[in-house]
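Engineer: Can you keep this structure in mind? I'll have questions shortly.
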Amino acid sequence: MKKIFILVTLLTSFIAQSKMVFLVEGPLGKHVGMSVDHSSYELLTQGESWHLYPTISSNGESVAYATGTGPKDLVLVTKNLKTRAIQTLTQPGFILQPMFAQNGKRLFFSQKVGEINKIGYIDLATPSKIHYITDTTSSYFPAPFQSGEMVVYQKNLPNRKREIVLLDILSGEMEVIGSGMAPALSKDERYIAFTSKVEDNWDIYLYDRLDKSTKRMTTDLNNDFSPAFDRHGNLVYTSDRLENGVFSIFTQKSSAWMNGKLEESVMITKMGTSFYAPRITGVTGYKTTQMPKMTGEARSSFGTINHQGNVYVVGGHQGAEHTYPPESFTGRMTAYNLATKTWKDLAERPHKAHGYQLAAEGKYLYAFGGFAYEGSTNPKWKSLGNVERYNIETNKWEEIGPMPRRRSSNVVIKLGSKVYLFGGWDATPMSDGDKNGTFHDEVDIFDLKSHKWTTLAVKLPKKRRAFSGFEREGKIYLVGGISEGGDHFTLSDDFTQFDPTTNTFKEFPKLPYGNFAPATSSIGDQAFMFGGMFKTGEFAYEYVPHIYHFDFNLMTWSHTGRYLNEYKGFSQVVKIDSCLGILGGHSYQGGRDKPVDTFEVFCSK
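Quick note: the sequence shown, position 260, residue 260 per the UniProt record's numbering, numbers continuous.
Shown next, in the form of structure tokens:
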């Protein structure tokens, strides 16, 4: 049985960290409304002009909407909520339904061109040109993905039928996923909600991109329209069930609808006033800044560390994914000076490799193992089993000695003067054609003072590689990765704590999904997981742009509603004061298959 709660029962953290905008239509006209507590609201516009279909950027800094005195002279504008500056982007005409791409670089909309309503977008860095992505059939309600390279929209057919279409803008490939209108995309880009008329009744439906299933989310005899999602996966939509013909904003918590329960709460309502088309930000308390790009050829899977005012980047993989010719391995070393904000080249590591990490002590940086080229084996690769040290003062490398075992694609964490090595594998082929390698569950410890090794009696609960780790309050946390197997593998959703005082492992709440090659670290009481690779089918994988956080007080994972600059994995994270720097990685975005050179800093305001 469905329950309707008139009082809002949303989490305090959600209320405090996100904004919602919507169209308000009442005695004062058609205006843009905004709510920060998701129960009350203020008007962002005034006057007699129409202000229609507002949207808001994921960081909550800008809104966009259509405005004019009537349907034929609408223009698209953006408004900076801090400076209140307004920018007009289009000439007057019939233009509606703007939506920011989640990275904030593109603004999509529906515009009448001749007799056809087309979906177009504007690159906000160069807003003078409109790019149209549909042509012969009227289209409405674009809902772009983070990249702005894919979009779901409503397509109106000549027989008055409406289709929900998923379009890959780069390839032109289209997929019809349902019949209805006004689609919306969840923050994790898995679900598409839309409204559809069945038996003369408008209800909300939900399409799952993974299992290709569709289910009905509302069942009332009233009209339910304009769905949206918040960062928790809660479904938000409008309905006239409280007052016939007058629309209020409702929500269904994800914890209810994912378990087949229809429980609703009223968010925004006012007698005689209608609210339409809600749009919700991610966490507005985070800030992302793009830094000077990494110099030289872009790379992924490198070693990196922030030490004595410099962010060092060593080695890495160059070129297409899972291809390992000699030139794809590099020993190149660069450093970014945090004070001068400049990059410089340093002495190369003698071994050209990737899939390793660094530790620092005084004037030295230590590199442990790595994945390297080997021409005498099939496949032509190996894992290294040596420690090399870089002298910051002399700009020279030297070899320190062997490791207990060859390792690459593992985690390296420093605590005091000791360096802990977890997981990874020895990729060196044991026989001709061996791609599976040897996975490690041993925990090796390197003493930076004595240069001696010890191996703990306790072992990693599950063997894995291509995972991430970080230290917080003296404990080590291991995140994601893949299981044993080179030809086929399973993505791990494990989040594991290691306590070095007791040498014990403890499993924490699972990740939202199995994640291959994520980047992770922590700020205060929250851990953050950036990007990685997500499994979409038996042998299908894709990089993701998502930023998730884990609350150590609530012991829960949730999507921040914020995103990396690209869809990518194999990035590296360093702490920079109370912020996190995310460097490089590998991406398919833009139709490519190669590393990226971006460097972004993520902070909590």
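Cβ coordinates follow ideal geometry from the N, Cα and C atoms, glycine included.
(1) Are the segment 319-334 and the segment 292-305 touching, with three or more C-beta to C-beta distances below 8 angstroms?
(2) Can you give, in chain order, each stretch of the beta strand (DSSP E) that sits fully within the segment 155-243 and has at least 3 residues?
(3) What does the alpha-carbon distance come out to for the pair Gly-233 and Ser-186?
(4) Below 8 angstroms on the Cβ atoms is my guess for Thr-455 versus Pro-402; work out the distance and round it to an integer in Å.
(5) Counting along the chain, where does the alpha helix (DSSP H) carrying Ser-254 start and finish?
(6) In angstroms, rounded to a whole number, what distance separates the CA positions of Arg-389 and Lys-19?
(7) List in chain order: all unbroken beta strand (DSSP E) runs of 3+ residues lying wholly within the segment 345-377.
(8) Where does Ser-110 land, buried or exposed, given buried means 16+ other C-beta within 10 angstroms?
(9) Quick one: what does DSSP say Pro-326 is sitting in, helix, strand or coil?
(10) Answer yes or no: do Arg-106 and Ile-122 have a C-beta to C-beta separation smaller than 8 angstroms?
(11) So, with DSSP's three-state summary, where would you put Gln-497?
(12) Given 8 angstroms as the limit, is there contact between the segment 227-241 and the segment 271-278, that is, 3 or more CB pairs closer than that?
(13) On a Cα-Cα basis, can you pick out the residue from His-38, Glu-348 and Leu-338 that is closest to Ser-248?
(14) List the endpoints of the continuous beta strand (DSSP E) containing Ile-582.
(15) Pairs of beta-carbons, one from the segment 173-187 and one from the segment 507-525, closer than 8 angstroms: are there three or more?
(16) Rounded to a whole number of angstroms, what is the C-alpha to C-alpha distance between Asn-436 and Val-198?
(17) Can you look up Gln-146 in the DSSP assignment and give me helix, strand or coil?
(18) Run the CB neighbour count on Pro-350, radius 10 Å, all protein chains shown included, and call it buried at 16 or more, exposed below.
(19) Report yes if the CB atom of Tyr-53 is closer than 8 angstroms to the CB atom of Ile-268, and no otherwise.
(20) Thinking His-549 and Gln-526 are a contact (beta carbons under 8 angstroms), I'd like their distance in whole angstroms, please.
(21) Have a look at Gly-433, Pro-379, Val-419 and Ala-372 and flag the residue whose alpha-carbon is nearest the alpha-carbon of Ser-409.
(22) Can you give me the Cβ contacts of Glu-484 inside the same chain, cut-off strictly under 6 angstroms, excluding the 5 residues immediately before and after it?
(23) So the candidates are Tyr-312, Glu-297, Gly-424 and Val-387; which of them puts its Cα closest to the Cα of Gly-319?
(24) Can you tell which of Asp-224, Lys-363, Asn-159 and Ala-347 has the C-alpha that lies nearest to the C-alpha of Thr-137?
(25) Identify the continuous beta strand (DSSP E) that holds Met-529 and give its terminal residues.
(26) Leaving out five residues on either side along the sequence, give the residues of the same chain with a beta carbon under 8 angstroms from the beta carbon of Gly-514.
Structural biologist: Looking at the atomic coordinates:
(1) yes
(2) 162-168, 174-179, 181-185, 191-198, 201-208, 214-216, 224-229 and 235-243
(3) 7 angstroms
(4) So it is not a contact: roughly 13 angstroms between Cβ atoms.
(5) 254-257
(6) 49 angstroms
(7) 358-361 and 364-373
(8) buried
(9) helix
(10) yes
(11) strand
(12) yes
(13) His-38
(14) 579-583
(15) no
(16) 52 angstroms
(17) coil
(18) exposed
(19) no
(20) 5 angstroms
(21) Ala-372
(22) Phe-439 and Lys-463
(23) Glu-297
(24) Asn-159
(25) 526-530
(26) Gly-480, Thr-490, Leu-491, Ser-492, Asp-493, Phe-534 and Lys-535
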